[in-house]
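Residue numbers (full-length UniProt numbering), protein chains in the order written: chain W, 1 to 277; chain Y, 1 to 277; chain P, 1 to 277; chain D, 1 to 277. Structure first, commentary second.
4 protein chains.
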Amino acid sequence: MPLWKALEGARVLDLAQPMRKGMPQSPNHPPFRMTLERRHGDLVRPGGGSAANEIIVTGAHVGTHVDALAHVSQDGLLHGGRPAAEVMSQDGFAELGIDAFEPYVGRCVLLDVAAVHGVAALPPGYEVTVDDLERAAAGLELREGDAVLVGTGWSRHWAAASQEVDFAGARGGAPGPGVDAARWLAARRPRVVGGETIAFEHVPPGRGHATLPVHRIMLVESGVNIVETMRLDELLDSGAREFLLVLNPLPIVGATGAPVRPLAVLGGSEGLGASEG
Amino acid sequence: MPLWKALEGARVLDLAQPMRKGMPQSPNHPPFRMTLERRHGDLVRPGGGSAANEIIVTGAHVGTHVDALAHVSQDGLLHGGRPAAEVMSQDGFAELGIDAFEPYVGRCVLLDVAAVHGVAALPPGYEVTVDDLERAAAGLELREGDAVLVGTGWSRHWAAASQEVDFAGARGGAPGPGVDAARWLAARRPRVVGGETIAFEHVPPGRGHATLPVHRIMLVESGVNIVETMRLDELLDSGAREFLLVLNPLPIVGATGAPVRPLAVLGGSEGLGASEG
Amino acid sequence: MPLWKALEGARVLDLAQPMRKGMPQSPNHPPFRMTLERRHGDLVRPGGGSAANEIIVTGAHVGTHVDALAHVSQDGLLHGGRPAAEVMSQDGFAELGIDAFEPYVGRCVLLDVAAVHGVAALPPGYEVTVDDLERAAAGLELREGDAVLVGTGWSRHWAAASQEVDFAGARGGAPGPGVDAARWLAARRPRVVGGETIAFEHVPPGRGHATLPVHRIMLVESGVNIVETMRLDELLDSGAREFLLVLNPLPIVGATGAPVRPLAVLGGSEGLGASEG
Amino acid sequence: MPLWKALEGARVLDLAQPMRKGMPQSPNHPPFRMTLERRHGDLVRPGGGSAANEIIVTGAHVGTHVDALAHVSQDGLLHGGRPAAEVMSQDGFAELGIDAFEPYVGRCVLLDVAAVHGVAALPPGYEVTVDDLERAAAGLELREGDAVLVGTGWSRHWAAASQEVDFAGARGGAPGPGVDAARWLAARRPRVVGGETIAFEHVPPGRGHATLPVHRIMLVESGVNIVETMRLDELLDSGAREFLLVLNPLPIVGATGAPVRPLAVLGGSEGLGASEG
């Protein structure tokens, strides 16, 4: 059976947050802004046709996006010991940029830590522990090269995010894996890890994004890319814990990351597995 | 069998052109530009860590991208007769923007018109005809709601594009479906059509992108989205004519289009169909 | 005596605030951002030379700037009863844009309202009244076509502006002329008025920039341009109340405003007037 | 007599080219683009008022602008021997940026080399020589610290600039001082030099802006700022050769240059000097 037929009837979940001016994002990055430049009626062609289009200004690390390995360095070195200065120029990164990330189409495991604690969303500043991950992974195989997502339920706050709801966690922090949990994840040798918060990792209250040790562990030490600001609420609710993930960030040559619209594809020609029930 | 298992061993083809400053694009849209803003070493944290990131300025219709239905109007009206002025504001389009495009994961048919003519790439300014499409579609089923790509071989010129190679066709035109071919395509009621050139449609020599009747037929009259500037060379060479396509443009709320990194997934758990041989 | 000789020994005061990322500005406008794009060493020419340069993203109404008459409309009409829709397009404004503002080199009067109240800076949300202006104007001639600045002392807060110091007045408001004071100013038929706050006019606490009646009075009803976010502290301290002003906003064709670096030139070949003592 | 009175009746010449999308500029810099973001009618307040504003994306070296000393380095060093790397960061230049340029209000001398040759504009690729400058300077005093402009007549081509008229000189070159003429100018120790072309200096045919030795001489070796892309046609026609110049580039902190709207002020309370006749 051809693949396209195998996927007929599959359920496709959009794991990206909608991108719009004012959406929550890290203050370290240029704010997203989309402006209509030409509007219908500005320039009407003789036959009555007209086109509209926009200009977009943005950072690469806004909305749902993938961190390239080149995003973080330690003591001047990128992953694999490459000196950052040698591959960095006005054109971005000659190596380890997001264009070096091969699109991922494959198995993904969701570790639902919110469910472990019986909550819809983990509290601000909560540090996800090794024990949390092990309990969430019970009955699930974590294979080398697969994708692993850590569910915190944090994306449920997106729509209400504002000055009242501190999505970025600038004041109250954000839930996510701490250093030990990150090492546990890295030891499984995944292709990529991801989550719902802006920084993926544990942000303690009042600390902001000042130090990001989990980024160092994943990107520099382990060569594992990170997907951030994912929309997982619907996936968490679906009960699926093992599914097909499509992760294809924009191929921006030399960039330290890129926006992406990840898709989870649930179901199969022979029905859902127990884990997807 | 779960879907992710069905896809193990599948061949994934990246159908997006790499995005970089100076790449070919329509002069009607803001030029793509990615600049490193923060470099490694600019701000080294106490522990020796450092992060780099960029600022991006771009149009939505640059690189490989999907046109939203709101992109074109005729006599002031968008698809379905909606007055453009009613849904257009500083926030973009309240309806028919690219965020209204549901990600597509499904069957795609490739009509290889270059192969019909026995050439690697159709000549500049060549108008793809109904006869061309019918010959390219021989033996292939075109179903309502599927994706249809028209192969011209034009993406083979991308890497060499420059002032010498006129990728956009400003002077010599670009190959693509003319009005009759567009009506033939629209009559099959596809979900989306796509191709390798910047405008998808036939651009006669010396005319540039001044009038784009095929855009009107597809976007306004038929409600069919268009994918442009695709990288199809590898797909054309693969011989696959029927395959799984993933098309998930960035969800930019209210935009008239968005960049995308489409993927073709070839193969299947039960082997390739004859058409993919 | 040639003019350049007449100005030798004159004291030139820079009335512009320095422009940098994160400076206070109205949330209604795109934030100012300057990023080095090419750095020294990125591209070293054979002889050892290298150039650096930047990319700038900004609104026109950030930092010290002049409002064009096209900036505000009332009931769809611009100054002089021109329908806004008729002169507005993707290229900006065909009339009444900032390029229609002829550079001003001439007499300027400073009405120091802070001094009237014996304070370094007026309190947040203070409404400058007609009585304030009349007291500040005592002994000063206000001539048709001259420039008039209203001193509030607010620019003294610029350097400390931050989340703690609410320069924009989003919460506590900002001092400035109310409606009556604006009518008093407009009746003197100045060429341009200006001040130190972001909106020039009185912003009551808790109101933000939601309604700006003084903008309507000045720009739409009276055809008087407004200079905002000026740095007047040094000028206020100088004691000069009548001086030469140079006001030459960037000639951005069709824009609703433009940044400017205004200069006050104090002194003269035959000595300071009493008012400049 | 106060200064403002001394300037009454003076003639003010705008020496800036109008800034608009598509204007001639160096390909080394981000293209200027101004887009209306909010239009009248997008958001009408209860009382019927509405505001329009824009977003601007640009390089600092576009339109009429001043080069900061930090713009060019030689062997890694800026003017005065400062290593570029020490003062360069994500915030631009901590020293020698355009914010270090004190606004200039003073005497300016115009050396009209086009007049020396009896032409309206020097031909493309013409190298201005020491002899040209000496003949143009006949009868004019060049004092240390003054501004010196070199007239080539090139700004007469601005309005017609297009693919036909090669304003930037990419193919045919542009007229301007060569290395010897630059050393002659630098030896007079001016505060600033300026001209009508994009690069100020001699650009030989077919060379583009690949090497710019005059920039090195002025910015690095001599500490003399450069004004480029000036509009001098009206000034050349006026016959004024010695006049008051106002040069106040935008105070963009850390930038390698900034746009400016220079003004020439002609005349004086005691009449024009012979040189202004």
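By construction, the Cβ of each residue, glycine as well, lies at the ideal position given by its N, Cα and C atoms.
Query: Starting from the Cα of W:L266, find the closest Cα among Y:D67, Y:V105 and Y:R188 and give me that residue.; Result: Y:V105
Query: With a cut-off of 7 angstroms, does the C-beta of D:E270 fall near any C-beta of chain P?; Result: Note that D:E270 scores a pLDDT of 38, beneath 50, so its modelled location is shaky; the value from the coordinates is reported in the next line. Yes, D:E270 counts as interfacial toward chain P.
Query: If you reduce the DSSP assignment to three classes, tell me which class P:D14 lands in.; Result: strand
Query: Residues in its own chain within less than 8 angstroms of P:L122 by CB, not counting five upstream and five downstream?; Result: V113, A114, V128, T152, G153, W154 and P175
Query: Could you name the residues of chain W that D:V57 contacts, counting a contact when the two beta carbons are closer than 9 angstroms?; Result: I55 and V57
Query: Just list the beta strand (DSSP E) runs in the segment 219-245 of chain W, keeping only unbroken ones of 3 residues or longer that don't cross its boundaries, in chain order.; Result: 225-228
Query: What span of residues does the alpha helix (DSSP H) with W:A182 cover, start to end?; Result: V179 to A187
Query: Could you spell out the range, first to last residue, of the alpha helix (DSSP H) harbouring D:L133?; Result: V130 to A136
Query: By the 10 Å Cβ neighbour count, where 16 or more other Cβ atoms means buried, how is D:E242 classified, buried or exposed?; Result: buried
Query: In the structure shown, what three-state DSSP assignment does D:A60 receive?; Result: coil
Query: Within a Cβ cutoff of 6 angstroms, which residues of the same chain sit near P:A94, ignoring the five residues on either side of it in sequence?; Result: V87
Query: Do W:L110 and W:L142 have their C-beta atoms closer together than 7 angstroms?; Result: no
Query: How about D:E97 and D:G173: do their beta carbons lie closer than 7 angstroms?; Result: It should be pointed out that residue 97 of chain D corresponds to Gly in this sequence rather than to Glu. No, they are not a contact pair.
Query: What does D:A10 touch in chain P if you count any residue whose Cβ is under 8 angstroms from its own?; Result: L3 and V105
Query: Residues in the segment 214-248 of chain Y with C-beta within 9 angstroms of chain W's C-beta atoms, listed in sequence order?; Result: H215, R216, V220, E242, F243, L244, L245, V246 and N248
Query: Taking a cut of 7 angstroms between CB atoms, which residues from the segment 79-99 of chain D lie near chain Y?; Result: S89 and Q90
Query: For P:G9, collect the residues of the same chain with a Cβ closer than 7 angstroms to its Cβ; drop the 5 residues on either side in sequence, then sort them by chain order.; Result: G267
Query: Beta-carbon separation of P:A170 and P:G208 under 7 angstroms?; Result: yes
Query: For D:T35 and chain W, any beta-carbon pair shorter than 7 angstroms?; Result: yes
Query: If we define contact as Cβ-Cβ less than 7 angstroms, is W:V265 a contact residue for chain Y?; Result: yes
Query: Can you check whether the CB of W:D146 is closer than 7 angstroms to the CB of W:P190?; Result: yes
Query: Pick out whichever of P:A120, P:A85 and P:M19 has its Cα sitting closest to the Cα of D:T253.; Result: According to the sequence displayed, residue 253 of chain D carries Val and not Thr. That would be P:M19, whose Cα lies nearest to the Cα of D:V253.
Query: Note down, in chain order, every chain P residue with its Cβ under 8 angstroms from the Cβ of D:H71.; Result: A51, A52 and N53
Query: Would a check of beta-carbon distances place D:I198 closer than 7 angstroms to chain P?; Result: no
Query: In terms of residues, what are the limits of the alpha helix (DSSP H) holding P:L3?; Result: L3 to A6
Query: What residues in its chain sit with their C-beta under 6 angstroms from that of W:T211, if we drop five residues either side in the sequence?; Result: none
Query: In terms of alpha-carbon separation, which member of D:E134, D:R188 and D:G194 lies closest to D:M230?; Result: D:G194
Query: For W:K21 and P:P31, I'd like the C-alpha separation in whole angstroms.; Result: 12 angstroms
Query: Mind checking whether P:N225 and P:F101 have CB atoms under 7 angstroms apart?; Result: yes
Query: CA-CA distance, P:A60 and D:L36?; Result: 10 angstroms
Query: By the criterion of Cβ-Cβ separation under 7 angstroms, what are the contact partners of P:V253 in chain D?; Result: P18, M19 and R20
Query: If you draw a straight line from the alpha carbon of W:T197 to that of W:H29, how long is it in whole angstroms?; Result: 15 angstroms
Query: Run through chain B and tell me which residues come within less than 8 angstroms of P:A60, C-beta to C-beta.; Result: Any reference to chain B falls outside this structure, whose protein chains are W, Y, P and D.
Query: Only counting the same chain, and skipping five residues up and downstream in sequence, which positions put a Cβ closer than 7 angstroms to that of W:V220?; Result: V72, S73, Q74, L78 and H79
Query: Can D:R261 and P:P251 be called in contact, C-beta distance under 7 angstroms?; Result: yes
Query: Could you tell me the distance, in whole angstroms, from the CA atom of Y:L7 to the CA atom of Y:L235?; Result: 18 angstroms
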